[in-house]
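Enquirer: Chains as they are written, first to last, in the numbering used here: chain A, 990 to 1121; chain B, 990 to 1121; chain C, 990 to 1121; chain D, 990 to 1121. In this text, a Cβ means the ideal position worked out from N, Cα and C, and glycines have one as well.
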């Protein structure tokens, strides 16, 4: 599991006084960097090898500005050409939001999905995480 | 079903050259205004009556800057105190992304969920939409 | 002068209850599309011909969610290889924010600025706007 | 001067392959937290004491995803009821963007600006920074 600490930004709040729900998708995408690096080690976007099939977020408790958030990222499923990333946002010792992202190994030139290699599956499997 | 036409903004693209996935959650939240108005007709955020339990988005095709997008919004499920909104983003005659949002009728003072009234259920049921 | 009407989105508010200041830069960039089209008519980002040298925004009054905003865009200065765009956000009959963006005509292959042609200067000069 | 290291997020890029200009205003607002704390130590947005009069950003070099950014924040001017914050974004040893924000000491109940106290002026003056 990968962990990253971020500071919520003032502009990420909304008129209800807490972090807006849409922000979680940006935090989670940012925290997928270690996963992206398994496919594009230097994160060069011209050498990208993944596309996103779906995302979901469950909101369990409010998140607030002014206190750090720990983002936890791991792999919850590995398929033949795709895999699922499981992510959590923790604040004050509580899992406040949990989400998934299904990523597909993709050939941007041939414009089609591509089988995950045995090495890629093994690399992903080193970071397994279960839903809370 | 509610329809709204928007113009994707330059800043909503990403380095892969298309609209970034996280943008869909902002477009869809914006397009839920007609649903929010069923609960707070003037959209006064101090009189808010809904919280968000979960969101999901499925990405079916790339969305691009420079061409209008039609956002379609309807209700896919009505429960006792919550309901599911189904939303689609269409560009060039194609449904490029489809998402759901589960909203809970909520009492912000008592800090607990609240049953939907018969009138609210009837109002929501006038905007039913099925997944594509 | 170009005019565009937008609906502020719920996620564009912040914890102070109004539209967050950073949102203006996104609205204004979105509203520069007609200017961008003078250089790249189909808005193809692979044929881009402008870079941004600076932006500024003055905040004159609060902007709120739930009411339409009219964005006004014009040209305030035309130089040899750059020009200044002047933009305003109006709500309820009031100019609530005003901003400028200095754009430079740029050759992305040679990686250097490029003189504006007489035709480009003339096209820009058809949309002059003065600060309020 | 305050320093903060952030990781650019994938969604902060745009179709030109670099960090979109509007993102700088969000990074800089986030990096103003230490300044906000001089007025609201716990960052409780219900006890806010500042409004924003203007922002500006000068873009000096491209910023990229995949490499850390150092945000530097200091005070460039102290007036009677307002002050100017100067901020820079450094990547690979280069100042890539520099911006200012003019903040006004504000009484949200009386809805009017308020003189800075001698203590507040002294606190601000401990963090002076000059433009590059």
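(1) I'd like the list of long-range same chain contacts for residue 991(B), defined as Cβ closer than 6 Å, with 5 residues on each side in sequence excluded.
(2) Taking residue 1121(D) and residue 1087(D) to be in contact with their CB atoms under 8 Å, please state how far apart those CB atoms are, rounded to whole angstroms.
(3) So if DSSP puts residue 1059(B) in a beta bridge, which residue, or which two residues, is it bridged to?
(4) Quick check on residue 999(D) - is its C-beta less than 7 Å from some C-beta in chain C?
(5) Less than 7 Å between the beta carbons of residue 993(A) and residue 1060(A), yes or no?
(6) Within 7 Å of any Cβ in chain C, is that where the Cβ of residue 1088(B) sits?
(7) For residue 1040(B), is the classification buried or exposed, using 16 other Cβ atoms within 10 angstroms of its Cβ as the cut-off for buried?
(8) In whole angstroms, what is the alpha-carbon distance linking residue 1073(D) and residue 996(B)?
(9) Please decide whether residue 1046(A) counts as near chain B, where near means a Cβ-Cβ distance under 7 Å.
(10) With DSSP as the reference, label residue 1039(A) as helix, strand or coil.
(11) Do you know how far the Cα of residue 1115(D) is from the Cα of residue 1007(B)?
(12) Is the separation between the beta-carbon of residue 1105(B) and that of residue 1070(B) shorter than 7 Å?
(13) To the nearest angstrom, how far is it from the Cα of residue 1016(B) to the Cα of residue 1075(C)?
(14) Residues bridged to residue 1086(B) by DSSP?
(15) For residue 1032(D), name the three-state secondary structure that DSSP assigns.
(16) Please check if any C-beta of chain A sits within less than 7 Å of the C-beta of residue 1032(D).
(17) Please list, in chain order, all residues of the same chain as residue 1049(C) whose beta carbon is under 8 Å from its beta carbon, the five residues on each side excluded.
(18) Please state whether DSSP places residue 1117(A) in a helix, a strand or coil.
(19) Check the Cβ of residue 1019(B) against every Cβ in chain D and list those closer than 7 Å, keeping chain order.
(20) When you compare the CB of residue 1126(B) with every CB in chain D, is at least one pair closer than 7 Å?
(21) Do residue 1046(B) and residue 1078(B) come within 7 Å of each other at the CB atom, strictly closer than that value?
Expert: The answer reads as follows:
(1) Contacts found: 1023, 1062.
(2) Rounded to the nearest angstrom, the Cβ distance from residue 1121(D) to residue 1087(D) is 6 Å, consistent with a contact under 8 Å.
(3) The partner list for residue 1059(B) (beta bridge, DSSP) reads 994(B), 1079(B).
(4) So, not an interface residue.
(5) Residue 993(A) is a Cβ neighbour of residue 1060(A), given a cutoff of 7 Å.
(6) Answer no: the Cβ-Cβ gap between residue 1088(B) and chain C never drops below 7 Å.
(7) By the Cβ-count criterion, residue 1040(B) is buried, with 16 or more other Cβ atoms from all chains shown falling within 10 Å of its own Cβ.
(8) Distance from the CA of residue 1073(D) to the CA of residue 996(B), rounded to the nearest whole angstrom, comes to 35 Å.
(9) When Cβ-Cβ separations below 7 Å define contact, residue 1046(A) makes contact with chain B.
(10) If DSSP states are grouped into helix, strand and coil, residue 1039(A) belongs with the strands.
(11) Answer to the nearest angstrom: the Cα atoms are 45 Å apart.
(12) Yes, the Cβ-Cβ distance between residue 1105(B) and residue 1070(B) is below 7 Å.
(13) Approximately 26 Å, taken between the alpha carbons.
(14) Under the DSSP definition of a beta bridge, residue 1086(B) partners with 1048(B), 1078(B).
(15) Residue state, collapsed to three classes: coil.
(16) It does: the Cβ of residue 1032(D) has a partner Cβ on chain A nearer than 7 Å.
(17) Apart from the 5 residues on each side of it in sequence, residue 1049(C) sits with its Cβ closer than 8 Å to the Cβ of 1083, 1084, 1085, 1086, 1087 in its chain, given in chain order.
(18) Residue state, collapsed to three classes: strand.
(19) Simply none; closest approach about 17 Å.
(20) For chain B, the structure presents residues 990 to 1121; residue 1126(B) sits outside this window and is missing.
(21) If you check the CB distance, residue 1078(B) and residue 1046(B) do not come in under 7 Å.
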